[in-house]
Amino acid sequence: MAATAVIHHATRVLQAVRPDFPADMALRRHLYDARRLNDRAKREVSLAVFAYFRWREWVSDARSLEGSIEAAAALQNRYEENPSSVKPEALAARAVPAWSRDEVAFPVETLKEIQREPVLWLRARRAHSQHVIAELQGAAVAEATPWPVKDGTCLRYTGSQDLFLTAGFHEGRFEIQDLASQAVGHACAPVAGQTWWDACAGEGGKTMHLADLMGNKGLIWASDRSERRLQALKRRAARAEVFNYRVAGWDGSSRLPTKTHFDGVLVDAPCSGVGTWQRNPHARWTTQVRDVEELSAIQLQLLRHAAPSLKVGGRLVYAVCTLTRRETEVVADSFLEQETHFEPTAVFEGGPSRVMLWPHLHRSNGMFIAAWKRIR
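Numbering (the working numbering), first residue to last: 779 to 1154.
(1) Below 8 Å between beta carbons: does that hold for Leu933 and Trp899?
(2) Does the Cβ-Cβ distance between Glu848 and Thr1102 come in under 8 Å?
(3) Should Ile892 and Trp1063 be called a contact, given that it needs their Cβ atoms to be closer than 8 Å?
(4) Counting only runs of 4+ residues fully inside the region 780–840, write out the alpha helix (DSSP H) ranges in chain order.
(5) Just to confirm the assignment, what range does the beta strand (DSSP E) spanning Glu858 have?
(6) Rounding to the nearest angstrom, what Cα-Cα distance links Val1095 and Arg1014 in this structure?
(7) DSSP state of Cys932, grouped into three classes?
(8) On a Cα-Cα basis, can you pick out the residue from Pro896, Asp990 and Val1090 that is closest to Asp929?
(9) Exposed or buried, what is Val1070 when buried is set at 16 or more other beta-carbons lying within 10 Å of its beta-carbon?
(10) Ordered along the chain, which non-local residues of its own chain (more than five positions away) have a Cβ less than 7 Å from that of Thr1036?
(11) Do you know offhand how far Met986's Cα is from Lys890's?
(12) For Trp877, I'd like the list of residues in its chain whose CB is within less than 8 Å of its CB, leaving aside the five on either flank, ordered along the chain.
(13) In this structure, does DSSP put Ala1097 in helix, strand or coil?
(14) Considering only their Cβ atoms, is the gap separating His787 from Ala812 smaller than 8 Å?
(15) Here's the rule I'm using: 16 or more other beta-carbon atoms within 10 Å means buried, otherwise exposed. How should Arg818 be labelled?
(16) For Ala1018, which residues of its own chain have a beta-carbon under 6 Å away from its beta-carbon, when the five flanking residues on both sides are left out?
(17) Would you grab the beta carbon distance between Thr888 and Trp1150 for me? Rounded to a whole angstrom, and I think it's under 8 Å.
(18) What residue range is occupied by the uninterrupted alpha helix (DSSP H) comprising Val911?
(19) For Glu953, write down the residues that DSSP places opposite it in a beta bridge.
(20) Taking three-plus beta-carbon pairs below 8 Å as touching, is the region 1116–1135 in contact with the region 899–916?
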């Protein structure tokens, strides 16, 4: 599609953005309505919209929104070809909002990484990984991963087709799931026949992964405060042929959805999402420090309310796709101080009890994971 047409569509998307209608939603709505655009054209519009937010602080003095979009796209192209074209000092000053620099000690390599286009990661079901690789005609490649179990299910996708339209996706052979999100499932390390609780399951990405790791044997309780998200989970589970789960609403209070005592509990808590700023650059400019303050209190409360449901010897995993100190180390420290019947245990076999996945290390989202064992 001609550059002028791309800028025209991207401008219409950005003009639709409101506080209650973020860029990703505005983009999806626009592309859905723009039925004449082919997949390649839609991708070009998406890239232009996200480039605008990555380079916003460099192009904000342009005379028009169209001029800003065009300048940001040019910066993105130049940076992808030559990352050294932007100095580290400029990245530190402009790539992220000022408040976040007080919350996160951003490595310069992470700042460089979040200005690049993100990698698209897939998780193949264990029984179908080779089928998926063959089906996607070499565009999906198994990559080195931070967890010790190398099962070949984490695939880096380099193709251009719309994966949502492929037979492999519709028949549940793979999910679109970031590497860092997949790391959480491997940190849980569930065993077939166990009983687990995915306490903040959302639409079920990690529930599906736990079920696959368990070979569909045992039982997973999946909870969320949103009935809409739980209905989406059920649709995903049907597509992925997951049957060893139950759904129950939970508002995060001390009133738990079941009296079951679990072998393992995953608290994949709501967070500020700083670790997703490469994939969702608009969020850099909408997230505020007060969000970190409020969410850190909620995260600790969720952990403390979920903890009593574990059996002695059970495994508790805490995960957040953020990098802020107050939502990661501070929450983990506070939990351990207040819940003395837990002790730290390795996130991945033979490793530390807390892991921070930085975007530049694996070209993934940022993620913090901590693990504890109930000792009495």
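Yeah, the Cβ is synthetic: ideal placement off N, Cα and C, and Gly gets one too.
If we stick to the structure as given:
(1) Counted from its first residue, the sequence shown places residue 933 at position 155. Counted from its first residue, the sequence shown places residue 899 at position 121. For Leu933 and Trp899, yes; Cβs fall inside 8 Å.
(2) Residue 848 sits at position 70 when you count from the first residue of the sequence shown. Residue 1102 sits at position 324 when you count from the first residue of the sequence shown. No. Outside cutoff.
(3) For the purposes of this step, residue 892 is identified with residue 114 of the sequence shown, where counting begins at 1. For the purposes of this step, residue 1063 is identified with residue 285 of the sequence shown, where counting begins at 1. It is not a contact, given that the beta carbons lie outside the stated cut-off.
(4) 781–794, 801–811, 817–832 and 834–837
(5) Here residue 858 corresponds to residue number 80 of the sequence shown, with the count starting at 1. Unbroken run through Glu858 is the alpha helix (DSSP H), Leu843 to Glu859; no beta strand (DSSP E).
(6) As a working note, residue 1095 is residue 317 in the sequence shown. As a working note, residue 1014 is residue 236 in the sequence shown. Between Val1095 and Arg1014, the C-alpha separation is close to 23 Å.
(7) Translated into the one-based positions of the sequence shown, residue 932 becomes position 154. Cys932: strand per DSSP, three-state reduction.
(8) Taking the sequence shown and counting its residues from 1, the one referred to as residue 929 is at position 151. Comparing Cα positions, the closest option is Asp990.
(9) As a working mapping, residue 1070 is identified with position 292 in the sequence shown. Buried, since its Cβ has 16 or more Cβ neighbours within 10 Å.
(10) As a first step, residue 1036 is located in the sequence shown; it is residue number 258 there, counting from the start. So the qualifying residues of the chain are Trp999 and Ala1026.
(11) Along the sequence shown, read from residue 1 onward, the residue named residue 986 stands at position 208. Along the sequence shown, read from residue 1 onward, the residue named residue 890 stands at position 112. So the two alpha carbons sit approximately 32 Å from each other.
(12) Counted from its first residue, the sequence shown places residue 877 at position 99. Answer for Trp877: Gln1066 and Val1067, listed in chain order.
(13) Taking the sequence shown and counting its residues from 1, the one referred to as residue 1097 is at position 319. Reduced to three states, the DSSP call for Ala1097 is strand.
(14) Counting from one through the sequence shown, the residue named residue 812 turns up at place 34. Counting from one through the sequence shown, the residue named residue 787 turns up at place 9. Result yes, Cβ atoms of Ala812 and His787 sit closer than 8 Å.
(15) For this step, residue 818 is matched to residue 40 along the sequence shown. Counting Cβ neighbours within 10 Å, Arg818 comes out exposed, since fewer than 16 surround it.
(16) Residue numbering aside, residue 1018 sits at position 240 when the sequence shown is read from its first letter. Hits under 6 Å: Gly950 and Met986.
(17) Looking up residue 888 in the sequence shown gives position 110. Looking up residue 1150 in the sequence shown gives position 372. Actually they are not in contact, since the Cβ atoms of Thr888 and Trp1150 sit about 27 Å apart, beyond 8 Å.
(18) On the sequence shown, position 133 is the one that residue 911 refers to. Strictly speaking, residue 911 in this sequence is Ile, with Val absent from that position. Ser907 to Glu913 is the span of the alpha helix (DSSP H), which, as asked, contains Ile911.
(19) Residue 953 sits at position 175 when you count from the first residue of the sequence shown. BP columns for Glu953 point to Arg901.
(20) no
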